[in-house]
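Counting from 1, position 40 in the sequence shown corresponds to residue 158 in our numbering; the numbering is continuous, with no gaps.
Every residue, glycine too, gets a C-beta built ideally from N, C-alpha and C.
Quick caveat, the model's predicted, so the values are computed rather than measured.
Reviewing the structure listed below.
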Amino acid sequence: MHIGSYDDEPMTIENMHKFVKSENYQIDIKNPRYHHEIYLSDPRRTRVDRVKTVIRLPIK
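This is the structure we're talking about:
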């Protein structure tokens, strides 16, 4: 779960990559399938620091 600005998502994804590596999993990315984002908040109605996005990264 990423909470905050969309501009900060790359840091969250980078942390996810580090976690996958530390747990001996492999990222299962095939072009053009990268990560998936599910937006739970409406950025027009929610403060930037409270916007919630589920980020899914396929692993094997």
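Annotation for VAL166: no beta strand (DSSP E) segment contains it, and DSSP assigns it neither H nor E. Between the alpha carbons of ASP160 and VAL169 lies a distance of about 7 Å. For GLY122 and VAL166, the gap between their C-alpha atoms comes out near 6 Å.
A check of alpha carbon separations from PRO128 across HIS153, TYR143, GLU141 identifies HIS153 as the nearest. If you ignore the 5 residues before and after ILE156, its C-beta comes within less than 6 Å of the C-beta of VAL172, all in its own chain and listed in chain order.
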